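In the working numbering, the protein residues as written are 20 to 227.
The following block contains the structure:
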(Lines of atoms letter the chains of each structure in order from A; the text may use other names.)
(Lines give C-alpha, C1' and ligand atoms only; values in the text may rest on other atoms or scores of the structure.)
Protein backbone atom coordinates (compact mmCIF):
# COMPACT_ATOMS: atom_id res chain seq x y z
CA UNK A 20 0.00 0.00 0.00
CA UNK A 21 1.09 3.55 -0.69
CA UNK A 22 -0.05 6.67 1.16
CA UNK A 23 0.02 10.23 -0.16
CA UNK A 24 -0.44 13.24 2.12
CA UNK A 25 -2.27 16.09 0.38
CA UNK A 26 -2.12 19.04 2.82
CA UNK A 27 -3.94 21.37 0.43
CA UNK A 28 -6.95 19.06 0.65
CA UNK A 29 -6.40 18.14 4.30
CA UNK A 30 -6.41 14.41 3.53
CA UNK A 31 -4.21 11.39 3.16
CA UNK A 32 -4.89 9.10 0.20
CA UNK A 33 -4.19 5.40 0.70
CA UNK A 34 -3.88 3.18 -2.39
CA UNK A 35 -3.68 -0.60 -2.38
CA UNK A 36 -3.40 -3.02 -5.30
CA UNK A 37 -4.44 -6.64 -4.86
CA UNK A 38 -3.93 -9.26 -7.55
CA UNK A 39 -5.16 -11.82 -8.25
CA UNK A 40 -8.25 -11.71 -6.04
CA UNK A 41 -10.64 -14.64 -5.76
CA UNK A 42 -13.63 -13.12 -3.95
CA UNK A 43 -14.80 -10.40 -6.37
CA UNK A 44 -18.33 -11.75 -6.63
CA UNK A 45 -18.72 -12.06 -2.85
CA UNK A 46 -17.32 -8.55 -2.32
CA UNK A 47 -19.70 -7.09 -4.87
CA UNK A 48 -22.65 -8.82 -3.22
CA UNK A 49 -21.53 -7.44 0.13
CA UNK A 50 -21.30 -3.89 -1.29
CA UNK A 51 -24.80 -4.07 -2.72
CA UNK A 52 -26.19 -5.49 0.52
CA UNK A 53 -24.50 -2.80 2.63
CA UNK A 54 -26.17 -0.05 0.61
CA UNK A 55 -29.59 -1.38 1.60
CA UNK A 56 -28.92 -1.82 5.33
CA UNK A 57 -30.82 0.46 7.74
CA UNK A 58 -29.10 3.50 9.25
CA UNK A 59 -28.55 1.79 12.60
CA UNK A 60 -25.29 0.91 14.36
CA UNK A 61 -24.95 -2.41 12.56
CA UNK A 62 -25.61 -0.93 9.15
CA UNK A 63 -23.23 1.99 9.66
CA UNK A 64 -20.52 -0.34 10.95
CA UNK A 65 -20.74 -2.51 7.82
CA UNK A 66 -20.65 0.52 5.53
CA UNK A 67 -17.60 1.82 7.41
CA UNK A 68 -15.78 -1.45 6.71
CA UNK A 69 -16.47 -0.95 3.00
CA UNK A 70 -15.58 2.75 2.92
CA UNK A 71 -13.27 2.53 -0.09
CA UNK A 72 -13.30 3.16 -3.80
CA UNK A 73 -13.29 -0.30 -5.39
CA UNK A 74 -11.61 0.08 -8.78
CA UNK A 75 -11.09 -2.69 -11.31
CA UNK A 76 -7.31 -2.43 -11.68
CA UNK A 77 -7.45 -3.84 -15.21
CA UNK A 78 -8.96 -0.48 -16.17
CA UNK A 79 -6.01 1.55 -14.86
CA UNK A 80 -2.89 2.41 -16.82
CA UNK A 81 -0.73 3.62 -13.90
CA UNK A 82 -0.82 4.96 -10.36
CA UNK A 83 -0.90 8.48 -11.88
CA UNK A 84 -4.05 7.56 -13.81
CA UNK A 85 -5.68 6.62 -10.51
CA UNK A 86 -4.24 9.57 -8.58
CA UNK A 87 -5.51 11.99 -11.23
CA UNK A 88 -9.03 10.66 -10.70
CA UNK A 89 -8.57 11.01 -6.93
CA UNK A 90 -7.42 14.61 -7.35
CA UNK A 91 -10.41 15.41 -9.55
CA UNK A 92 -12.75 13.85 -6.99
CA UNK A 93 -11.20 15.93 -4.20
CA UNK A 94 -11.51 19.10 -6.28
CA UNK A 95 -15.18 18.32 -6.88
CA UNK A 96 -15.67 17.78 -3.15
CA UNK A 97 -13.92 21.09 -2.33
CA UNK A 98 -16.19 22.90 -4.80
CA UNK A 99 -19.29 21.18 -3.38
CA UNK A 100 -19.79 19.71 -6.84
CA UNK A 101 -19.78 15.96 -6.27
CA UNK A 102 -21.85 14.12 -8.86
CA UNK A 103 -22.06 11.01 -6.65
CA UNK A 104 -22.89 10.38 -3.00
CA UNK A 105 -19.32 10.08 -1.68
CA UNK A 106 -15.81 11.11 -2.59
CA UNK A 107 -14.94 7.42 -3.05
CA UNK A 108 -17.65 6.82 -5.64
CA UNK A 109 -16.61 10.12 -7.23
CA UNK A 110 -13.20 8.58 -8.00
CA UNK A 111 -14.95 6.06 -10.26
CA UNK A 112 -17.03 8.79 -11.86
CA UNK A 113 -13.89 10.79 -12.64
CA UNK A 114 -12.31 7.78 -14.36
CA UNK A 115 -15.32 7.54 -16.69
CA UNK A 116 -14.93 9.82 -19.73
CA UNK A 117 -18.70 10.29 -19.96
CA UNK A 118 -21.18 11.70 -17.46
CA UNK A 119 -23.23 8.60 -16.68
CA UNK A 120 -22.67 7.52 -13.07
CA UNK A 121 -24.04 4.02 -13.67
CA UNK A 122 -21.66 3.54 -16.59
CA UNK A 123 -18.71 4.64 -14.45
CA UNK A 124 -19.50 1.92 -11.92
CA UNK A 125 -19.97 -0.64 -14.69
CA UNK A 126 -16.80 0.27 -16.59
CA UNK A 127 -14.37 1.00 -13.75
CA UNK A 128 -15.86 -0.48 -10.59
CA UNK A 129 -15.66 -3.89 -9.00
CA UNK A 130 -17.37 -6.55 -11.10
CA UNK A 131 -18.14 -10.22 -10.38
CA UNK A 132 -15.21 -11.30 -12.59
CA UNK A 133 -12.67 -8.69 -11.45
CA UNK A 134 -9.25 -10.30 -11.04
CA UNK A 135 -7.18 -7.33 -9.87
CA UNK A 136 -8.53 -4.70 -7.49
CA UNK A 137 -7.32 -1.24 -6.54
CA UNK A 138 -8.66 0.07 -3.24
CA UNK A 139 -8.65 3.79 -2.43
CA UNK A 140 -9.29 5.25 0.99
CA UNK A 141 -9.33 8.99 1.63
CA UNK A 142 -8.90 9.93 5.29
CA UNK A 143 -8.39 13.19 7.20
CA UNK A 144 -4.75 14.26 7.22
CA UNK A 145 -4.65 14.50 10.99
CA UNK A 146 -6.92 12.41 13.14
CA UNK A 147 -6.94 11.14 16.70
CA UNK A 148 -8.78 8.08 15.47
CA UNK A 149 -6.36 5.16 15.09
CA UNK A 150 -8.61 3.64 12.42
CA UNK A 151 -7.30 6.31 10.04
CA UNK A 152 -3.68 5.24 10.43
CA UNK A 153 -1.96 3.65 7.45
CA UNK A 154 -1.50 0.39 9.33
CA UNK A 155 -5.17 0.18 10.21
CA UNK A 156 -6.25 1.03 6.66
CA UNK A 157 -3.98 -1.65 5.22
CA UNK A 158 -5.35 -4.17 7.70
CA UNK A 159 -8.91 -3.32 6.63
CA UNK A 160 -7.96 -3.73 2.98
CA UNK A 161 -6.42 -7.15 3.60
CA UNK A 162 -9.44 -8.24 5.62
CA UNK A 163 -11.66 -7.47 2.63
CA UNK A 164 -9.66 -9.26 -0.06
CA UNK A 165 -7.81 -11.84 2.06
CA UNK A 166 -4.60 -11.09 0.19
CA UNK A 167 -1.31 -9.25 0.60
CA UNK A 168 -0.93 -6.10 -1.53
CA UNK A 169 1.00 -6.01 -4.79
CA UNK A 170 3.22 -3.20 -6.04
CA UNK A 171 1.34 -0.34 -7.68
CA UNK A 172 4.07 -0.40 -10.33
CA UNK A 173 2.05 -3.24 -11.89
CA UNK A 174 -0.79 -0.93 -12.85
CA UNK A 175 -0.94 -0.81 -16.62
CA UNK A 176 1.07 -3.98 -17.02
CA UNK A 177 -0.71 -6.60 -14.96
CA UNK A 178 0.43 -10.16 -15.75
CA UNK A 179 -1.54 -12.70 -17.77
CA UNK A 180 -3.29 -10.08 -19.89
CA UNK A 181 -4.83 -8.50 -16.81
CA UNK A 182 -4.75 -4.96 -18.15
CA UNK A 183 -7.80 -4.44 -20.36
CA UNK A 184 -6.28 -2.29 -23.10
CA UNK A 185 -9.11 -3.08 -25.52
CA UNK A 186 -11.77 -1.65 -23.20
CA UNK A 187 -9.62 1.31 -22.21
CA UNK A 188 -9.21 2.25 -25.88
CA UNK A 189 -12.95 1.83 -26.44
CA UNK A 190 -14.19 3.83 -23.44
CA UNK A 191 -11.69 6.66 -23.94
CA UNK A 192 -12.36 6.62 -27.71
CA UNK A 193 -8.72 6.09 -28.59
CA UNK A 194 -8.91 3.45 -31.32
CA UNK A 195 -8.17 5.98 -34.03
CA UNK A 196 -5.84 8.27 -32.06
CA UNK A 197 -2.69 8.76 -34.14
CA UNK A 198 -0.48 9.01 -31.06
CA UNK A 199 -1.51 5.51 -30.05
CA UNK A 200 -1.95 3.84 -33.41
CA UNK A 201 1.50 4.93 -34.57
CA UNK A 202 3.07 2.69 -31.93
CA UNK A 203 3.47 -1.10 -32.25
CA UNK A 204 0.56 -2.83 -30.53
CA UNK A 205 1.49 -4.11 -27.07
CA UNK A 206 4.85 -2.34 -27.06
CA UNK A 207 6.13 -0.26 -24.13
CA UNK A 208 5.69 2.80 -26.33
CA UNK A 209 2.04 1.93 -26.93
CA UNK A 210 1.44 1.41 -23.20
CA UNK A 211 3.07 4.73 -22.43
CA UNK A 212 0.94 6.50 -25.03
CA UNK A 213 -2.21 4.86 -23.67
CA UNK A 214 -1.27 5.94 -20.15
CA UNK A 215 -0.71 9.55 -21.17
CA UNK A 216 -3.95 9.72 -23.14
CA UNK A 217 -6.02 8.21 -20.30
CA UNK A 218 -4.47 10.55 -17.74
CA UNK A 219 -5.16 13.51 -20.01
CA UNK A 220 -8.79 12.48 -20.48
CA UNK A 221 -9.33 12.32 -16.71
CA UNK A 222 -7.51 15.61 -16.08
CA UNK A 223 -9.56 17.42 -18.72
CA UNK A 224 -12.95 15.94 -17.80
CA UNK A 225 -13.76 18.80 -15.44
CA UNK A 226 -13.33 21.24 -18.30
CA UNK A 227 -15.49 19.28 -20.72
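Each residue gets a CB set at the ideal place from its N, CA and C atoms; glycine is no exception.
Every value quoted in this text rests on a predicted model; they were computed, and no experiment measured them.
Check, Outcome
"Among residues of its own chain, excluding the 5 on either side of residue 128, which ones have a beta-carbon nearer than 8 Å to its beta-carbon?", "73, 74, 75, 111"
"Going by C-alpha distance, which of 204, 218, 87, 93 is nearest residue 142?", "93"
"Run through the region 74-132 for me and flag every whole alpha helix (DSSP H) of 4 or more residues, listed as ranges in chain order.", "82-97, 106-114, 120-127"
"Short check: CB of residue 84 to CB of residue 221, under 8 Å?", "yes"
"What residues in its chain sit with their C-beta under 7 Å from that of residue 123, if we drop five residues either side in the sequence?", "111, 112, 114, 115"
"Would you call the CB atoms of residue 37 and residue 225 closer than 8 Å?", "no"
"For residue 132, count the other beta carbons within 10 Å of its own beta carbon; 16 or more makes it buried, fewer makes it exposed. Which is it?", "exposed"
"Per DSSP, which residues does residue 139 bridge with? Please list them.", "34, 72"
"Given this structure, state the Cα-to-Cα distance separating residue 60 from residue 105, to the nearest angstrom.", "19 Å"
"Closest to residue 177 by CA distance: which of 91, 210, 193, 162 is it?", "210"
"Roughly how many angstroms lie between the CA atoms of residue 213 and residue 57, to the nearest whole one?", "43 Å"
"At which residues does the alpha helix (DSSP H) containing residue 21 begin and terminate?", "Where residue 21 is concerned, there is no enclosing alpha helix (DSSP H), although the beta strand (DSSP E) it sits in stretches over 21-25."
"Starting from residue 197, follow the alpha helix (DSSP H) in both directions and report where the run begins and ends.", "197-200"
"Which of the three DSSP states is assigned to residue 41 in this structure?", "coil"
"Between the alpha carbons of residue 138 and residue 157, how many angstroms are there, rounded?", "10 Å"
"Could you tell me the distance, in whole angstroms, from the CA atom of residue 196 to the CA atom of residue 174?", "22 Å"
"Using three-state DSSP, classify residue 186 as helix, strand or coil.", "helix"
"Considering only the alpha carbon of each residue, which of 62, 215, 82 lies closest to residue 171?", "82"
"At which residues does the alpha helix (DSSP H) containing residue 167 begin and terminate?", "No alpha helix (DSSP H) contains residue 167, which DSSP labels as neither H nor E."
"Identify the continuous alpha helix (DSSP H) that holds residue 216 and give its terminal residues.", "207-224"
"Helix, strand or coil: which one does DSSP assign to residue 55?", "coil"
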